[in-house]
Amino acid sequence: IRMRVVFWNRAAAGMFGHTAEEIEQRPVLDLIAEPQRKALAVEMDRMVLTEEKDTSGRTAETVGHRKDGSEFPMEFSLSSWVVRDDIFFTINARDITDRKKIDQMKTDFVSLVSHQLKTPVAGMLGCIDNLLSGLAGPITPEQKEYLLMMRDISLRNYRNINDLLNVSRIERGVVEANVKRWNLKRILGQVLRDNRSVFRE
Numbered sequence: 010i011r012m013r014v015v016f017w018n019r020a021a022a023g024m025f026g027h028t029a030e031e032i033e034q035r036p037v038l039d040l041i042a043e044p045q046r047k048a049l050a051v052e053m054d055r056m057v058l059t060e061e062k063d064t065s066g067r068t069a070e071t072v073g074h075r076k077d078g079s080e081f082p083m084e085f086s087l088s089s090w091v092v093r094d095d096i097f098f099t100i101n102a103r104d105i106t107d108r109k110k111i112d113q114m115k116t117d118f119v120s121l122v123s124h125q126l127k128t129p130v131a132g133m134l135g136c137i138d139n140l141l142s143g144l145a146g147p148i149t150p151e152q153k154e155y156l157l158m159m160r161d162i163s164l165r166n167y168r169n170i171n172d173l174l175n176v177s178r179i180e181r182g183v184v185e186a187n188v189k190r191w192n193l194k195r196i197l198g199q200v201l202r203d204n205r206s207v208f209r210e
């Protein structure tokens with residue numbers, strides 16, 4: 010019988026809620042949420058076809074399905090072994106609900122802090138632009154030079170904050186990453202120009 014449970018330990022019983030008597034000989038895919046089952050079946054078939062024995066060094070994530078119908082994020086690795094002509098799989102699984110919660114808290118924190126930082130930096134840029142335009146009176150060339158330096162630093166910080174916000178949005182699934190080709194030589198040249206004084210030291 011293909012891909013059925015033949016051994017069930019206490020850790021698995023605690024994670025999924027099934028006793029050994031309830032789960033043994035049932036399909037392994039019953040332990041995976043419906044939308045994720047095909048991916049696990051494909052990976053098992055791939056290991057059989059390629060005769061790959063051990064992928065314990067690689068982990069993947071899926072969604073586990075408990076006896077009570079609830080679902081949880083799960084990390085797992087696979088290894089296979091052969092007895093006579095029968096192929097068996099060992100699945101090492103771990104409930105990563107707490108880790109996912111911590112990751113979400115980190116993402117939310119970065120988003121909150123970034124929003125809080127963006128407003129004052131935008132205000133500073135507005136004040137600098139007003140000074141440069143002469144709204145507060147004439148400025149000396151030396152003052153203009155300092156203001157331009159302050160504006161460059163503020164703009165750089167503003168872009169960094171926007172980058173943090175974008176990363177936070179991507180992690181939360183609010184926006185998707187739009188991958189584009191960039192000229193690495195041009196980017197490195199800009200970095201060198203922006204940090205020329207640092208490199209001189």
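Numbering-wise, the working numbering puts 88 at position 79 of the sequence shown, and it's gapless, one number per residue.
Idealized CB from N, CA, C, for every residue including glycine.
Predicted, not measured: the structure shown is a model, and the values here were computed from it.
Please go through the same chain and pick out, in chain order, the residues whose beta-carbon is closer than 6 Å to the beta-carbon of Glu180, but skip the five residues on each side of it.
So the list reads Thr116, once near-sequence residues are dropped.
Uninterrupted alpha helix (DSSP H) stretches inside the stretch 42-78 (no shorter than 4 residues)
Runs found: 46-59.
Kindly identify the DSSP beta-bridge partner or partners of Trp90.
In DSSP, Trp90 forms a bridge with Phe97.
Cα-Cα, which of Asn101, Asn175, Lys109, Glu70 is closest to Phe9?
Residue coverage of the chain in this structure runs from 10 to 210, which leaves residue 9 outside it and unanswerable.
Tell me whether Glu33 sits in a helix, a strand or coil according to DSSP, three-state version.
Shown here, Glu33 sits in coil according to DSSP, grouped into three states, outside any helix or strand.
Paired residues, beta bridge with Glu80 - DSSP:
According to DSSP, Glu80 shares a beta bridge with His74.
Give me whichever residues DSSP pairs with Phe85 in a beta bridge.
DSSP, once it has assigned bridges, lists Ala69, Ala102 as partnering Phe85.
Determine the DSSP secondary structure at Arg190, reduced to helix, strand or coil.
DSSP places Arg190 outside both helix and strand once states are collapsed to three, so it counts as coil.
Between Met24 and the rest of its own chain, which residues show a CB-CB distance below 6 Å, the 5 nearest in sequence each way excluded?
Closer than 6 Å at Cβ, skipping near neighbours: Asp104.
Comparing the C-beta of Leu201 with each C-beta of chain B, is any distance below 9 Å?
The question asks about chain B, but that chain is absent: this structure has only one protein chain.
To which residues of the same chain is Leu174 closer than 6 Å at the C-beta, ignoring the five residues directly before and after it?
Closer than 6 Å at the Cβ level, and outside the excluded window around Leu174, lie Ser123.
Alpha helix (DSSP H) segment containing Val176, residue limits
Note, Val176: alpha helix (DSSP H), 150-180.
Leaving out the 5 sequence neighbours to the left and right, which residues in its chain are closer than 8 Å to Ile148 when beta-carbon positions are compared?
Counting only Cβ-Cβ distances below 8 Å, and skipping sequence neighbours, we find Leu140, Leu141, Leu156.
Use the C-beta contact count for Thr59: other C-beta atoms within 10 angstroms, 16 or more gives buried, fewer gives exposed.
So Thr59 ends up on the exposed side.
Rounded separation between Ile137 and Arg195 - CA only
Cα to Cα, Ile137 sits roughly 28 Å from Arg195.
Of the listed residues Ala42, Ala145, Ser79, nearest to Val72 (C-alpha basis)
Of the candidates Ala42, Ala145, Ser79, the one whose C-alpha sits nearest the C-alpha of Val72 is Ala42.
Cα-Cα separation, Met114 to Val91
Going by the C-alpha atoms only, they are around 43 Å apart.
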